[in-house]
Amino acid sequence: MMRAFQARRFAVTLISVLVPVSAAVPAPRPVASMVVGAVTSQPIGHYEFCQKYVSECAIKSRSTPAPKVSAKGWALVRQINRSVNARYIAKTDKEIYGREEVWAYPVNFADCEDYALQKRKELAARGFALSDLLMTVVRKPDGEGHAVLTLRTSDGDFVLDNLDNEVKPWYQTPYTFLKRQASFNTGRWVTIENGRDVLVGALK
């Protein structure tokens, strides 16, 4: 009887020791910033955009740490994201221009990359560095291509998206991240190495 009691006490003690240890194992944390790789191909739409706006695609920058954005700066980022989203009527390039992959500053209508270009332009005019405002190509959950604007900050990479009025960390979006403008050259693009490693996010 005593042996059975001691065995039960040992089992209870063992469980009490093991449970806190397993519970203390932290869950994987999402990576705050995208990990970029080698220089890659430039989207055809951006290539043609650069033929029209040559000076915008020839700006080189030194590699610098992402900046700290103030509370006032964040308010501006959110305001511009919402304002641009509401300002234009969403249409595809085919509907607007009669062909695919036309990157342009919007007038009345806009496709995804046009929204992103306009946000980039307005944030740059308000003091944000172009090296921290990066056009980015992603894939939506349904496999369709999409473009967003990535804002580099000391707190990680954030996405301004015409499909969402909320500015979110990149890992809280439902996208697969493929490539983006290089921070060191507005005319070059780099791969996103951890673009499929998003740990958080819900389908829209």
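Read in order, the letters of the sequence shown are residues -23 to -1, 1 to 181 in mature numbering (1 follows the signal peptide of the UniProt record, and there is no 0). We put the beta carbon where it would ideally sit given N, CA and C, even for glycine. Just so it is clear, the structure is predicted and the values come from calculations on it, not from any experiment.
Asked	Found
Taking the CB atoms as reference points, tell me whether E90 and G22 lie closer together than 8 Å.	yes
Excluding the 5 residues preceding and the 5 following E170 in the sequence, name in chain order all residues of the same chain whose CB lies nearer than 6 Å to its CB.	V12, G14
From this set, A106, A67, R97, G164, which residue's C-alpha is nearest A87's C-alpha?	A67
Can you list, in chain order, the residues of its chain with a C-beta nearer than 7 Å to that of R173? Leave out the 5 residues immediately preceding and following it.	T153
Would you say the region 101 to 109 touches the region 141 to 155, given that touching needs at least three Cβ pairs under 8 Å?	no
Does the beta-carbon distance from V125 to D138 come in below 8 Å?	yes
Report the start-end ranges of each alpha helix (DSSP H) in the region 44 to 124 that is 4 residues or longer and not cut off at the edges.	48 to 64, 70 to 74, 89 to 102
Per DSSP, what kind of secondary structure is V31 in: helix, strand or coil?	helix
Skipping 5 residues on each side, what residues in its chain have a beta carbon closer than 6 Å to that of K29?	none
Could you tell me the distance, in whole angstroms, from the CA atom of S47 to the CA atom of R97?	18 Å
When you compare only the Cα positions, how much space is there between N85 and R64?	8 Å
Going by the beta-carbon positions, is the gap between S131 and S38 smaller than 8 Å?	no
Smallest Cα separation from A9: which of D119, T127, E99, W166?	T127
Cutting at 6 Å between CB atoms, please list the residues of its own chain near A43, excluding the five before and the five after it.	R129, T130, S131
Quick check: what's the CA-CA separation for T168 versus T17?	6 Å
Based on the DSSP output, what are the partners of A15 in its beta bridges?	DSSP, once it has assigned bridges, lists no residue as partnering A15.
Count the other CB atoms, across all protein chains shown, that sit within 10 Å of the CB of V54; report buried if there are 16 or more and exposed otherwise.	buried
Report back the beta-carbon spacing between M112 and Q149 to the nearest angstrom; my notes put them in contact at under 8 Å.	Not a contact, Cβ separation roughly 20 Å.
According to DSSP, simplified to helix, strand and coil, what is I169?	strand
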